[in-house]
Amino acid sequence: MTTKTLRIIEFEIVGQHVAYSNHDEQEVTGEKQSSKFELRWSGLVAAALLITPALMSFIIRSHAPSGMGIADHSKNSYLDLQRKKLYRYLIFKIDEDKSQIVIEKTGRHSENYDDFTAALPHNDCRYAVYDFDFVTPDNCQKSKIFFIAWSPSTSRIRSKMLYATSKNQFSRQLQGIHYEIQATDPTEMDIEVLRDRAF
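This is how it looks when you write it as structure tokens:
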């Protein structure tokens with residue numbers, strides 16, 4: 014009989030990624046422990062001993078969700094912002110119960126950038142679209158539409174991974190986006206950042 018230290022890994026499958034939530038070490042006594050593993054599933058959460066890369070790849074393929082749909086209201090609201098200028102901004106959230114990306118808040122066209130940033134949660138991820146108006150040096154009035162992926166450092170790992178894996182599929186369906194910003198804190202999406210990109 015031999016004694017070997019094995020790492021116990023707790024992780025969560027989100028999209029095509031594995032979000033690690035906890036790990037520690039445990040002494041295990043037995044013969045040829047390095048050739049054995051144990052896997053216990055509870056929903057999408059697993060605890061594993063000595064999991065191999067090949068097994069990890071199989072788990073991800075078998076248990077990854079198929080992706081989030083986009084609610085019709087979300088698409089229509091974006092068109093209202095883009096074509097009719099009815100809104101200054103839109104904030105979207107992922108509704109996991111419905112497996113859809115839905116509208117959480119619409120900002121009136123009279124609202125400004127401070128109103129928009131104040132509406133974003135401090136500890137959870139969101140997608141947003143902002144219609145940025147500006148005047149060029151030759152005094153021309155223009156606007157650019159920004160897609161913003163908001164993923165604050167204080168948000169949960171699961172939320173970060175879920176929003177990251179759904180972002181490209183969602184943003185591709187919003188025709189007419191000029192620029193994309195990924196922000197983990199307010200300084201990365203300051204109004205000056207938008208101004209620099211727009212000019």
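Sequence positions in the sequence shown follow the working numbering and run 14 to 212.
Every residue gets a Cβ at the ideal spot worked out from N, C-alpha and C, and that includes glycine.
The model shown is predicted, which means the values in this text are computed figures rather than measured ones.
Tell me the DSSP secondary structure of residue i in three-state form.
i, result
"L103", "strand"
"E201", "helix"
"Q186", "coil"
"K213", "Here the chain has residues from 14 to 212 only, and residue 213 is not among them."
"A141", "strand"
"K98", "coil"
"R208", "helix"
Can you tell which of the options has the C-alpha that lies nearest to the C-alpha of residue i?
i, options, result
"L102", "K155, P199 and F159", "Correcting the residue type first, residue 102 is Tyr in the shown sequence and not Leu. For Y102, the nearest C-alpha among the options comes from F159."
"H86", "K97, L175, P199 and F105", "F105"
"S166", "A196, K111, I190 and Y143", "A196"
"K173", "I116, C138 and D93", "C138"
"N136", "Y192, R169 and H122", "R169"
"G82", "I190, F183 and L92", "F183"
"H122", "K111, D110, Q95 and Y140", "Q95"
"S164", "Q113, D93, E205 and E201", "E201"
"K98", "A131, V142 and V148", "V142"
"D198", "A131, G189, N152 and L187", "A131"
"Q113", "E205, L175, E193 and D151", "L175"
"L92", "L187, P150 and A84", "L187"
Quick one: what's got a C-beta closer than 6 Å to residue i's C-beta in the same chain, skipping five residues either side?
i, result
"K180", "A162"
"D108", "V115"
"A84", "Q113 and V115"
"E193", "F160"
"H191", "K157 and I158"
"P150", "none"
"K88", "none"
What does a CB cutoff of less than 7 Å around residue i pick up in its chain, not counting 5 residues either side in sequence?
i, result
"T119", "S90, Y100 and L103"
"F145", "S156, K157, F159, L207 and A211"
"V148", "Q154"
"G189", "Q95 and I158"
"I204", "Y126"
According to DSSP, residue i sits in a beta bridge with which residue or residues?
i, result
"E193", "F160"
"F147", "K155"
"T119", "L103"
"I170", "I170 pairs with nothing; no bridge assigned."
I'd like the list of long-range same chain contacts for residue i, defined as Cβ closer than 8 Å, with 5 residues on each side in sequence excluded.
i, result
"E117", "I104, F105, K106 and R139"
Cβ contact check for the region 176-193 and the region 124-133: 3 or more pairs under 8 Å | At 8 Å Cβ cutoff, the stretches do not touch.
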